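Our numbering puts the sequence shown at residues 3 to 296.
To keep things clear, I will list the structure first and then write my remarks on it.
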Amino acid sequence: MPDFVKRYYEIQSPKLQGKAALKIALLADLHGAVYGHRQDRLLQAIEAEDCDLVLAAGDMILRIRENSFTAAKDLLIPLSKQVPVCYGLGNHEEVFLYDDQPGGEAEAFSVLQHSVYRRKRLPPKEHHLIEDYRTFESALEEAGVILLKNQRVRKSFHSVMVDICGLRVPYSCYHKPFPFGLHASDIELLCGSANQEAFQILIAHSPYFAPAYFTWQADLTVSGHYHGGILRLGKRRGLVSPYLHPFPSYCVGDFHRGDSHLVVSAGLGEHTLPVRLFNPHELVFITVKNPEEA
Ligand SMILES: [Fe+2]
3 MPDFVKRYYE IQSPKLQGKA ALKIALLADL HGAVYGHRQD RLLQAIEAED
53 CDLVLAAGDM ILRIRENSFT AAKDLLIPLS KQVPVCYGLG NHEEVFLYDD
103 QPGGEAEAFS VLQHSVYRRK RLPPKEHHLI EDYRTFESAL EEAGVILLKN
153 QRVRKSFHSV MVDICGLRVP YSCYHKPFPF GLHASDIELL CGSANQEAFQ
203 ILIAHSPYFA PAYFTWQADL TVSGHYHGGI LRLGKRRGLV SPYLHPFPSY
253 CVGDFHRGDS HLVVSAGLGE HTLPVRLFNP HELVFITVKN PEEA
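In structure tokens, the structure reads:
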């Protein structure tokens, strides 16, 4: 049975007033992992923290395993009965959004000025999963999970206005070893501008584009994708990224540029290479406070 650690981060933002604090649970890269009966160990750990909001930073499924859809639903649906759950997509979700479907790549990224999408073709033996993925999304949305595909939602917590944006990027942004470059101007085209009045959260699966997230001026970006670098070499360092880059920047942990923060989770699961060294699965909690109250 897999195990996990709880990892806590505190960040400061002048957009939070007085003693108000925003507590967030961050889930990433579940990839079909199951923690207890119907995820009860994860659910209990999250409930014990009394969070305001749950963010899922993508790859909550494993594209080649149908039962990974159940593992994700067992986690996200019960949580959505208690607190808002916002879900941004990773590469394992994006692969099912073909460009000939409504909402597929061609439609989703037509606003970009350059041709950035090169479709990831699913092998024919996996085509039946496309319908399963659609059913999975529908079940989540019916249960109240907020899927954000270059969309945003505004919520108020303890009189703090929070704008949550889920970034969806073309599959070519996940290509190894040279992903397509994504800039703040592209995020602007896909999602609009960062909200200057509200506390702006950006759910963005890959931390590779961290400089763009900072330039876009997200107050807090949450990411995953790197699985802690397989071999973790410290609080923020890991051995290798899924792009096959050694010692990647923004591998895991917390980073910032001015008031713009990034938290990268080491994730709750893995796939192709099921190895982790000094790199346990993580359930991440982030508390946001006013600098004077920190
Ligand atoms: Fe990923």
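C-beta: ideal position from N, C-alpha, C; glycine also.
These numbers come from a predicted model, not from an experiment.
Would you decide whether Ser-262 is buried or exposed? Buried here means 16 or more other CB atoms lie within 10 Å of its CB. One-based indexing of the sequence shown puts residue 262 at position 260. Flag for Ser-262 reads buried.
Once DSSP output is grouped into helix, strand and coil, what is the label at Lys-237? Mapped onto the sequence shown, residue 237 falls at position 235. Correct three-state label for Lys-237: coil.
Residues near Arg-170 by beta carbon distance below 6 Å, same chain, minus five either side: Start at 1 with the first residue of the sequence shown, and residue 170 comes out as number 168. Excluding residues within five positions, the ones whose Cβ falls inside 6 Å are Leu-91, Lys-151, Asn-152.
What are the boundary residues of the alpha helix (DSSP H) that includes Ser-262? Counting from one through the sequence shown, the residue named residue 262 turns up at place 260. Ser-262 -> not in any alpha helix (DSSP H); beta strand (DSSP E) instead, spanning 262 to 266.
Do Asp-212 and Phe-257 have their C-beta atoms within less than 8 Å of each other? Residue 212 sits at position 210 when you count from the first residue of the sequence shown. Residue 257 sits at position 255 when you count from the first residue of the sequence shown. Note that residue 212 is Ala in the sequence shown, not Asp. Contact: yes.
Quick check on the contact list: which residues have their beta carbon closer than 5 Å to a heavy atom of ligand 1? Asp-61, Gly-92, Asn-93, His-227
Quick one: what's Gln-202 bridged to in DSSP? Residue mapping note: residue 202 aligns to position 200 of the sequence shown, counting from 1. Asp-165, per the DSSP bridge assignment.
With distances taken from CA atoms, which of Pro-80, Asp-101, Phe-71 is nearest His-94? Position 92 of the sequence shown, counted from the start, is the residue given in the question as residue 94. It is Phe-71 whose Cα lies nearest to the Cα of His-94.
The region 243 to 254 / the region 198 to 205 touching (three or more Cβ pairs under 8 Å): no
Under 8 Å, do Leu-57 and Val-290 count as touching if we go by C-beta distance? The count along the sequence shown starts at 1 and reaches residue 57 at position 55. The count along the sequence shown starts at 1 and reaches residue 290 at position 288. Not closer than 8 Å, so no.
For Tyr-10, count the other beta carbons within 10 Å of its own beta carbon; 16 or more makes it buried, fewer makes it exposed. Which is it? Locating residue 10 in the sequence shown gives position 8, where the first residue counts as 1. When all chains shown are included, Tyr-10 counts as exposed.
Gln-46 lies in the alpha helix (DSSP H); which residues open and close that run? By 1-based counting over the sequence shown, the position of residue 46 is 44. First-last of the alpha helix (DSSP H) with Gln-46: 42 to 49.
Just the Cα atoms here: how many angstroms apart are Glu-51 and Pro-126? If you number the sequence shown from 1, residue 51 lands on position 49. If you number the sequence shown from 1, residue 126 lands on position 124. When rounded, the distance between both Cα atoms is 43 Å.
Please give the ranges of any beta strand (DSSP E) in the region 20 to 103, keeping only runs that are unbroken, at least 3 residues long and fully inside the region. 23 to 29, 55 to 58, 87 to 90
First and last residue of the uninterrupted alpha helix (DSSP H) at Thr-137: Reading the sequence shown from its first residue, position 135 is the one you call residue 137. Thr-137 -> alpha helix (DSSP H) spans 130 to 145.
Shorter than 7 Å, the distance from the beta carbon of Asp-134 to the closest heavy atom of ligand 3, or not? Ligand 3 is not among the ligands present in this structure, which contains only ligand 1.
Alpha carbon of Lys-157 to alpha carbon of Phe-98, nearest angstrom: The residue labelled residue 157 in the question sits at position 155 within the sequence shown. The residue labelled residue 98 in the question sits at position 96 within the sequence shown. Using only the alpha carbons, I get a separation of about 29 Å.
Near Ala-296, what residues of its chain come up, given a Cβ to Cβ distance below 7 Å and the 5 sequence neighbours on each side ignored? Numbered from 1 along the sequence shown, position 294 holds the residue referred to as residue 296. So the qualifying residues of the chain are Glu-12, Gln-14.
Is Gln-41 buried or exposed, if buried means 16 or more other CB atoms sit within 10 Å of its CB? Against the sequence shown, residue 41 aligns to sequence position 39. By the 10 Å Cβ count, Gln-41 comes out buried.
State the CB to CB distance for the pair Leu-2 and Val-162, rounded to an integer number of angstroms; the pair is presumed to be in contact (CB under 8 Å). Any answer about residue 2 is impossible in this case: the structure gives the chain only from 3 up to 296.
With which residues is Arg-259 paired in a DSSP beta bridge? For the purposes of this step, residue 259 is identified with residue 257 of the sequence shown, where counting begins at 1. Answer is Ser-262, bridged to Arg-259.
Looking at the secondary structure, which residues open and close the beta strand (DSSP E) in which Tyr-10 lies? In the sequence shown, the residue the question calls residue 10 occupies position 8. Residues 6 to 14.
Roughly how far, in whole angstroms, is the beta-carbon of Asp-61 from the beta-carbon of His-207, given that I think they are within contact range, below 8 Å? Against the sequence shown, residue 61 aligns to sequence position 59. Against the sequence shown, residue 207 aligns to sequence position 205. At roughly 7 Å, the Cβ-Cβ gap stays under 8 Å, so Asp-61 and His-207 are in contact.
Endpoints, beta strand (DSSP E) assigned at Ala-288: Numbered from its first residue, the sequence shown carries residue 288 at position 286. In the sequence as displayed, the identity of residue 288 is Ile instead of Ala. Its beta strand (DSSP E) spans residues 283 to 291.
Nearest by alpha-carbon distance to Ala-47: which of Ala-22, Ile-66, Ala-35, Phe-6 is it? Numbered from 1 along the sequence shown, position 45 holds the residue referred to as residue 47. Out of Ala-22, Ile-66, Ala-35, Phe-6, Phe-6 has the C-alpha closest to the C-alpha of Ala-47.
If you drop the 5 nearest sequence neighbours on each side, which residues of the same chain put their C-beta closer than 6 Å to that of Gln-198? Stepping through the sequence shown from its first residue, residue 198 is reached at position 196. For Gln-198, where only same-chain residues beyond five positions count, there are no Cβ hits under 6 Å.
Contact between the region 125 to 142 and the region 176 to 191 (3+ Cβ pairs under 8 Å): no
CB Leu-55 to CB Val-85, shorter than 8 Å? The count along the sequence shown starts at 1 and reaches residue 55 at position 53. The count along the sequence shown starts at 1 and reaches residue 85 at position 83. Their beta carbons are under 8 Å apart, which means Leu-55 touches Val-85 by this criterion.
With a threshold of 7 Å on Cβ separation, who are the neighbours of Ala-74 within its own chain once the five nearest residues in sequence on each side are excluded? Against the sequence shown, residue 74 aligns to sequence position 72. Contacts found: Leu-32, Met-62, Ile-63.
Cα-Cα separation between Asp-221 and Gly-106, rounded to whole angstroms: Position 219 of the sequence shown holds residue 221. Position 104 of the sequence shown holds residue 106. Distance between the alpha carbons of Asp-221 and Gly-106 is about 29 Å.
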